[in-house]
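K.L.:
Provided herewith is a single structure, encoded as structure tokens, for subsequent inquiry.
Protein chains: 2
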Amino acid sequence: MTAGFCVAQEVKEDFKSSTKNQPQQEYPMVNSQGYARYRIVAPNAQSVRVEAGLGAGGNVDLQKGEDGVWTGISSTPLDEGFHYYHLNIDGGTFNDPGTNNYYGSTRWESGIEVPAHDQAFYEERNIPHGFVQQILVWSESTKSLRRAFVYTPPTYYADKADVKYPVLYLQHGWGEDETAWMTQGHANLIMDNLIAEGKIKPFIIVCTYGMTNEGFRPGGMGGMRRPAARPAAGGPEAEAQAPAAAPQGGQRRAGGMMGGFNFDGFQTFLCDELVPYVDAHFRTIANKDNRAMAGLSMGGMETHTITLARPEMFGYYGLLSGGQYTPQEIQDKNQVKKIFMSCGSKEQPDGIKNATAAMKEAGFDVMGYVSEGTAHEFQTWRRSLYFMAQFFWGK
Amino acid sequence: MTAGFCVAQEVKEDFKSSTKNQPQQEYPMVNSQGYARYRIVAPNAQSVRVEAGLGAGGNVDLQKGEDGVWTGISSTPLDEGFHYYHLNIDGGTFNDPGTNNYYGSTRWESGIEVPAHDQAFYEERNIPHGFVQQILVWSESTKSLRRAFVYTPPTYYADKADVKYPVLYLQHGWGEDETAWMTQGHANLIMDNLIAEGKIKPFIIVCTYGMTNEGFRPGGMGGMRRPAARPAAGGPEAEAQAPAAAPQGGQRRAGGMMGGFNFDGFQTFLCDELVPYVDAHFRTIANKDNRAMAGLSMGGMETHTITLARPEMFGYYGLLSGGQYTPQEIQDKNQVKKIFMSCGSKEQPDGIKNATAAMKEAGFDVMGYVSEGTAHEFQTWRRSLYFMAQFFWGK
């Protein structure tokens, strides 16, 4: 209580509704210092606690007012950018009815946005906007209909049929899904703005579901639709078996395990089913010199594993808070054109700095980036995409 | 308790997880009779109640077990198809953490699906699938970036550039948004299956946000993103003023009020901004003889109002649980090619039957349809789209 009391002294009363709230919902709110104020109606509840990570202000035990409404302010400011959180009500986990829902930590979570000082790079403007397309791709290796979202640049449908584009395959993190980059990440708005400012050559972005420790999920609409829980057979086991049933990938090297994840099933779907489908249905420059793979966190681990296991597939590699490459593990220096590695300053920036130096020393074309004042969260990755896009295909 | 007890006697123990559950979530479950079983973890809660409409089994007061888990079974079977619901926990409104979220009644609700005997027409198959594209359209009349979802048939990107398609502008109901038809309605799967079976000519479907009693919301991704709450100025007032600021619609007749809703602002965006944008960015047959407007519930009211106010815009009209047309109100019989009117058998089917008879008597090309055993819910509208698509552009 003391801490809460001290903090309360210095909190400015300039709270505004979070931009991630549902329509007409006033709470949660955020002030200019980054403090969050929560308000939950549950008159007969015994306890209402906001459960959030450290960068999101940590847990907040809400206090019940005489009106039966629970309110509270975070004990510390939240880092700028987007944060997941949820409520613990009387011992159960629920979402804040004030916010939209975002798929993270393998569940639809509540979300709150602290306006970042540099948010202009993903703001909405009256400029040409690209489309974000949901495509449903039948996966023979898994006998399931799989979903991906494809961002096409504003010029895509105006350009002549002979104009083709490079492609970035961009992966989400553990517990998230194929909606994360366009929703929490605003990847489409980041691209629209970069293109309008003439900072990059237009390219296509493809986001699909890369979780390898869950059953595959059928396609649906805009991240809203999900299948029922699956029997164990639909889980990791099915994934592990997938490659055997999959069309032979020719030069496939061992994909294999990383950090307890088995990426084989995903590698097969991505390299042998999704990439060919995208090349067949969109005007792509269908070769590795114009194809990139990048991912955040677990998506970076997938990128690291798959780019090395399938060197014929991608010419650009990006690890966003997802580990590093070492000169030793890349046997043929000519297999990769550019490598991007990043993380937040609140993660382990030295790891990125050292790895970047070592790769440059070894003669690779590398860019290292550290997002100032952010941790293992989406503001780090929004900024990483902004710089990675210019590093890979800048003008 | 007695009622609950009696019901328990006849409930079959063949419950399966609802197909609308989040990944790995077992509850809620539905059995072969249509009963729903709920399970909520909230050990210290005083009360947990499922709040649902009659067709969804009505409210269910869950009982707390010795393990602190709240469970219960609906007192009646649910109608087949999709239903919205939410929880009341200790006097507050929250969602069931077991299910995905669906935008209805102006909030993201929980959803449950009772397998319908005729669900094959929207099942997922290994066939060519169309894309569902999110487009962001700057609206000068409202000075906002507005979102729409555009379904393009599987052949769209394979066809030559000179192949053009008819377009159906399909509206959601009150409290829903532009995600409803593709998510709750499975409109894209209904189209993919109809096209694969050769039952209809391929056409494009456009769904945008038609609520006129809320502030406009900026674009985002797949129904996930929403703006913060808006001041009153962003509400109906802003809508009412919109037409004045909008480009003159030429032959615009008075749009006006219906059932307390003012559709003027939406009519201006739809007719003078969205239709021109879609015609400019997609291969449409850009004339009224190849353009339809239809909607469910309030979307039907919008369709009724706008098709009569702007007779130069649409050649096909569809009212799904959204009222009827009368011969008297359509001044020029030649302004419309076909009219579709429908509702569920648990609504007022006589209204549809009588109106259909009267319109036929007056010489209009009309189809009336009544969905057997369903009420004012999405199974009625999934079936309506299935038949309306064949009536408008069948083979």
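Line order of the protein sequences matches chains B and V.
Counting in the working numbering, the first sequence runs from 1 upward without gaps.
Counting in the working numbering, the second sequence runs from 396 upward without gaps.
We put the CB at the ideal spot given by N, CA and C, even for glycine.
#1: Check the DSSP bridge columns for residue 382 (chain B) and list the partner residues they point to.
#2: Would you say residue 106 (chain B) reaches chain V, if we count a Cβ-Cβ gap shorter than 9 Å as a contact?
#3: Closer than 8 Å is the cut-off here; do at least three beta carbon pairs connect the segment 425-445 of chain V with the segment 407-416 of chain V?
#4: By DSSP's criteria, residue 530 (chain V) is part of a beta bridge. Which residues make up the other side?
#5: What residues in the segment 136-153 of chain B bring their beta carbon closer than 7 Å to a beta carbon of chain V?
#6: Determine whether the Cβ of residue 552 (chain V) lies closer than 9 Å to any Cβ atom of chain B.
#7: Do residue 286 (chain B) and residue 315 (chain B) have their CB atoms nearer than 9 Å?
#8: Could you pull the start and end residues of the alpha helix (DSSP H) that residue 555 (chain V) belongs to?
#9: In whole angstroms, give me the CA-to-CA distance for residue 475 (chain V) and residue 450 (chain V).
#10: When you compare the CB of residue 435 (chain V) with every CB in chain B, is at least one pair closer than 9 Å?
#11: Across which residues does DSSP place residue 566 (chain V) in a beta bridge pair?
#12: Please tell me whether residue 93 (chain B) has its Cβ less than 9 Å away from any Cβ of chain V.
#13: My parser needs the alpha helix (DSSP H) runs of 4 or more residues fully inside the segment 264-340 of chain B; what are they?
#14: Take the Cβ of residue 99 (chain B) as the centre, count every other Cβ of all protein chains shown within 10 Å, and call the residue buried at 16 or more, exposed below.
#15: Please confirm whether residue 557 (chain V) has its beta-carbon closer than 9 Å to some beta-carbon of chain B.
#16: List, in chain order, every chain V residue whose beta-carbon is nearer than 8 Å to that of residue 68 (chain B).
#17: Are residue 338 (chain B) and residue 312 (chain B) closer than 9 Å when you measure CB to CB?
#18: Applying the criterion that 16 or more other CB atoms from any shown protein chain within 10 Å of the CB defines a buried residue, is residue 120 (chain B) buried or exposed?
#19: Measure the CB-CB distance between residue 85 (chain B) and residue 52 (chain B) and report whether it falls below 9 Å.
#20: Mind pulling the beta strand (DSSP E) runs of 3 or more residues that sit fully within the segment 101-125 of chain B?
#21: With DSSP as the reference, label residue 589 (chain V) as helix, strand or coil.
#22: What distance in whole Å lies between the Cβ atoms of residue 359 (chain B) and residue 366 (chain B), which are believed to be in contact at a cut-off of 8 Å?
#23: Answer yes or no: do residue 91 (chain B) and residue 171 (chain B) have a C-beta to C-beta separation smaller than 9 Å?
#24: Here's a check: name, in chain order, each residue in its chain whose Cβ is nearer than 6 Å to the Cβ of residue 78 (chain B), leaving out the five neighbours to either side.
#25: Taking three-plus beta-carbon pairs below 8 Å as touching, is the segment 143-155 of chain B in contact with the segment 537-546 of chain V?
#26: Quick check: the Cα distance between residue 705 (chain V) and residue 692 (chain V), rounded to an integer number of angstroms?
#27: So if I threshold CB-CB distances at 8 Å, which residues from the segment 279-298 of chain B count as touching chain V?
#28: In the DSSP output, which residue or residues are listed as bridge partners for residue 483 (chain V)?
#29: In this structure, does DSSP put residue 63 (chain B) in helix, strand or coil?
#30: Would you call the segment 570-587 of chain V in contact with the segment 595-603 of chain V, where contact means no fewer than 3 C-beta pairs closer than 8 Å?
#31: Throw me the rounded Cβ distance for the residue 164 (chain B) and residue 283 (chain B) pair, which I believe falls under 8 Å.
#32: When the distance is taken between beta carbons, is residue 342 (chain B) closer than 9 Å to residue 392 (chain B)?
#33: Let me confirm a value: residue 389 (chain B) is counted as buried when at least 16 other C-beta atoms fall within 10 Å, else exposed. Which label applies?
#34: Closer than 9 Å, CB to CB, is residue 80 (chain B) near chain V or not?
#35: List the residues of chain B that residue 526 (chain V) touches, going by C-beta distances under 7 Å, in chain order.
#36: Nearest to residue 174 (chain B) by CA position, among B:377, B:324, B:368, is which residue?
P.N.:
To lay it out plainly:
#1: Against the first sequence, residue 382 (chain B) aligns to sequence position 382. BP columns for residue 382 (chain B) are empty, so no partner.
#2: In the first sequence, the residue the question calls residue 106 (chain B) occupies position 106. Contact with chain V is found for residue 106 (chain B), since one of that chain's Cβ atoms lies less than 9 Å from the residue's Cβ.
#3: The segment 425-445 of chain V is in contact with the segment 407-416 of chain V.
#4: One-based indexing of the second sequence puts residue 530 (chain V) at position 135. In the DSSP assignment, residue 530 (chain V) forms a beta bridge with V:543.
#5: Look at the segment 136-153 of chain B: the residues with a C-beta under 7 Å from a C-beta of chain V are 136, 138, 145.
#6: As a first step, residue 552 (chain V) must be located in the second sequence, where it is residue number 157. Chain B contact via Cβ: present.
#7: Residue numbering aside, residue 286 (chain B) sits at position 286 when the first sequence is read from its first letter. Residue numbering aside, residue 315 (chain B) sits at position 315 when the first sequence is read from its first letter. Residue 286 (chain B) is not a Cβ neighbour of residue 315 (chain B), given a cutoff of 9 Å.
#8: Sequence index remark: in the second sequence, residue 555 (chain V) carries index 160 (1-based). No alpha helix (DSSP H) contains residue 555 (chain V), which DSSP labels as neither H nor E.
#9: The residue labelled residue 475 (chain V) in the question sits at position 80 within the second sequence. The residue labelled residue 450 (chain V) in the question sits at position 55 within the second sequence. Approximately 9 Å between the Cα atoms of the pair.
#10: Within the second sequence, numbered from 1, the residue matching residue 435 (chain V) stands at position 40. Answer yes: the Cβ-Cβ gap between residue 435 (chain V) and chain B drops below 9 Å somewhere.
#11: As a working mapping, residue 566 (chain V) is identified with position 171 in the second sequence. The beta-bridge partner set that DSSP reports for residue 566 (chain V) consists of V:690.
#12: Residue numbering aside, residue 93 (chain B) sits at position 93 when the first sequence is read from its first letter. Residue 93 (chain B) counts as touching chain V.
#13: Every unbroken stretch of the alpha helix (DSSP H) spanning 4 or more residues and falling wholly within the segment 264-340 of chain B is given here in chain order: 264-268, 275-281, 298-309.
#14: By 1-based counting over the first sequence, the position of residue 99 (chain B) is 99. Classification for residue 99 (chain B): buried.
#15: Residue numbering aside, residue 557 (chain V) sits at position 162 when the second sequence is read from its first letter. Answer no: the Cβ-Cβ gap between residue 557 (chain V) and chain B never drops below 9 Å.
#16: Reading the first sequence from its first residue, position 68 is the one you call residue 68 (chain B). Within chain V, the C-beta atoms nearer than 8 Å to that of residue 68 (chain B) come from 486, in chain order.
#17: As a working note, residue 338 (chain B) is residue 338 in the first sequence. As a working note, residue 312 (chain B) is residue 312 in the first sequence. No, the pair does not count as a contact, with Cβ atoms beyond the cut-off.
#18: Looking up residue 120 (chain B) in the first sequence gives position 120. Label assigned to residue 120 (chain B): exposed.
#19: Here residue 85 (chain B) is taken as the residue at index 85 of the first sequence, counted from 1. Here residue 52 (chain B) is taken as the residue at index 52 of the first sequence, counted from 1. Their beta carbons are under 9 Å apart, which means residue 85 (chain B) touches residue 52 (chain B) by this criterion.
#20: Correct list: 101-104, 107-114.
#21: Within the second sequence, residue 589 (chain V) is the residue found at index 194, counting from 1. In this structure, residue 589 (chain V) counts as helix in the three-state DSSP scheme.
#22: As a first step, residue 366 (chain B) is located in the first sequence; it is residue number 366 there, counting from the start. As a first step, residue 359 (chain B) is located in the first sequence; it is residue number 359 there, counting from the start. Correct: roughly 4 Å between the Cβ atoms.
#23: Mapped onto the first sequence, residue 91 (chain B) falls at position 91. Mapped onto the first sequence, residue 171 (chain B) falls at position 171. Taking 9 Å as the cut-off, the beta carbon of residue 91 (chain B) is found no closer than this to the beta carbon of residue 171 (chain B).
#24: If you number the first sequence from 1, residue 78 (chain B) lands on position 78. If you ignore the 5 residues before and after residue 78 (chain B), its C-beta comes within less than 6 Å of the C-beta of 34, 36, 56, 57, 114, all in its own chain and listed in chain order.
#25: Contact between the segment 143-155 of chain B and the segment 537-546 of chain V is absent: fewer than three C-beta pairs spanning the two stretches fall below 8 Å.
#26: Along the second sequence, one-based indexing puts residue 705 (chain V) at 310. Along the second sequence, one-based indexing puts residue 692 (chain V) at 297. Near 20 Å, if we compare the C-alpha coordinates of residue 692 (chain V) and residue 705 (chain V).
#27: Taking 8 Å as the cut-off between beta carbons, the residues of the segment 279-298 of chain B near chain V are 281, 282, in sequence order.
#28: Here residue 483 (chain V) is taken as the residue at index 88 of the second sequence, counted from 1. Answer by DSSP bridge pairing, in chain order: V:444, V:488.
#29: Against the first sequence, residue 63 (chain B) aligns to sequence position 63. Note: residue 63 (chain B) maps to strand in three-state DSSP.
#30: Because the criterion of three Cβ pairs below 8 Å is met, the segment 570-587 of chain V and the segment 595-603 of chain V touch.
#31: By 1-based counting over the first sequence, the position of residue 164 (chain B) is 164. By 1-based counting over the first sequence, the position of residue 283 (chain B) is 283. In this structure residue 164 (chain B) touches residue 283 (chain B) by the C-beta definition: roughly 5 Å separates them, less than 8 Å.
#32: Along the first sequence, read from residue 1 onward, the residue named residue 392 (chain B) stands at position 392. Along the first sequence, read from residue 1 onward, the residue named residue 342 (chain B) stands at position 342. Contact: no.
#33: As a working note, residue 389 (chain B) is residue 389 in the first sequence. Counting other Cβ atoms within 10 Å of its Cβ, residue 389 (chain B) reaches 16 or more and is therefore classed as buried.
#34: Counting from one through the first sequence, the residue named residue 80 (chain B) turns up at place 80. With its beta carbon at least 9 Å from every one in chain V, residue 80 (chain B) lies outside the interface.
#35: Translated into positions along the second sequence, residue 526 (chain V) becomes position 131. What residue 526 (chain V) touches in chain B: 133, 134, 135.
#36: Taking the first residue of the first sequence as position 1, residue 174 (chain B) is located at position 174. For residue 174 (chain B), the closest of B:377, B:324, B:368 by C-alpha to C-alpha distance is B:377.
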